[in-house]
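Student:
In our numbering, the protein residues as written are 7 to 123.
If you want it as structure tokens, here you go:
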């Protein structure tokens, strides 16, 4: 079974403070949080600018909804520069602004490519 989770990170590259969610959350612990995201499971999530699912909002999807492969949003541009705007989240897609998670192959950071010997 693949669990639907959303991990928000304080900094780009999955660095800094991390907040973990597995259900709708009308008010995050930190208002306007998140510069990178990891999304697991098969379901999309909607990110909202304000608490109680109000304001500007976007949908983010895992990299594959059929295979339930995680979606990685390493940098703010990966999710439409919705950086530090997230104040509430809801499972499911409730926006026409849609972003699909980046596929990061196993043993890859997308930042460093090892030199072949």
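In this text, a Cβ means the ideal position worked out from N, Cα and C, and glycines have one as well. Note that this is a predicted model, so its numbers are computed, not measured.
Please report how far the alpha carbon of residue 47 lies from the alpha carbon of residue 74, in whole angstroms.
Tutor: The residue you call residue 47 lines up with position 41 of the chain shown. The residue you call residue 74 lines up with position 68 of the chain shown. Between residue 47 and residue 74, the C-alpha separation is close to 5 Å.
Student: Alpha carbon to alpha carbon, how far is residue 32 from residue 8?
Tutor: Locating residue 32 in the chain shown gives position 26, where the first residue counts as 1. Locating residue 8 in the chain shown gives position 2, where the first residue counts as 1. C-alpha separation (whole angstroms): 23 Å.
Student: Nearest to residue 81 by alpha carbon, out of 39, 19, 12, 24?
Tutor: Residue mapping note: residue 81 aligns to position 75 of the chain shown, counting from 1. With distances taken between Cα atoms, residue 81 lies closest to 19.
Student: When we look at the beta-carbon of residue 15 and count the other beta-carbons within 10 Å, is it buried (16 or more) or exposed?
Tutor: Here the question's residue 15 lines up with position 9 in the chain shown. Classification of residue 15: buried, given that the 10 Å Cβ count is 16 or more.
Student: Check the Cβ-Cβ distances between residue 17 and every residue of chain B, and say whether any is below 7 Å.
Tutor: This model lacks chain B altogether, as it is built from one protein chain only.
Student: Would you mind working out which of 42, 11, 96, 29 sits nearest residue 23, comparing C-alpha positions?
Tutor: If you number the chain shown from 1, residue 23 lands on position 17. Out of 42, 11, 96, 29, 42 has the C-alpha closest to the C-alpha of residue 23.
Student: Is residue 18 helix, strand or coil by DSSP?
Tutor: What you label residue 18 is simply residue 12 of the chain shown in a count that begins at 1. Residue state, collapsed to three classes: coil.
Student: May I ask which residues mark the beginning and end of the beta strand (DSSP E) holding residue 54?
Tutor: Here residue 54 is taken as the residue at index 48 of the chain shown, counted from 1. Taken as a continuous stretch (DSSP letters only), the beta strand (DSSP E) holding residue 54 covers 51-56.
Student: Within this structure, are the beta carbons of residue 66 and residue 45 separated by less than 7 Å?
Tutor: The residue you call residue 66 lines up with position 60 of the chain shown. The residue you call residue 45 lines up with position 39 of the chain shown. Their beta carbons are under 7 Å apart, which means residue 66 touches residue 45 by this criterion.
Student: For a quick check, are the C-beta atoms of residue 78 and residue 105 less than 7 Å apart?
Tutor: Indexing the chain shown from 1 puts residue 78 at position 72. Indexing the chain shown from 1 puts residue 105 at position 99. Result no, Cβ atoms of residue 78 and residue 105 do not sit closer than 7 Å.
Student: Just the Cα atoms here: how many angstroms apart are residue 63 and residue 102?
Tutor: Translated into the one-based positions of the chain shown, residue 63 becomes position 57. Translated into the one-based positions of the chain shown, residue 102 becomes position 96. Looking at the two C-alpha atoms, the distance is approximately 9 Å.
Student: If you reduce the DSSP assignment to three classes, tell me which class residue 88 lands in.
Tutor: As a first step, residue 88 must be located in the chain shown, where it is residue number 82. In this structure, residue 88 counts as coil in the three-state DSSP scheme.
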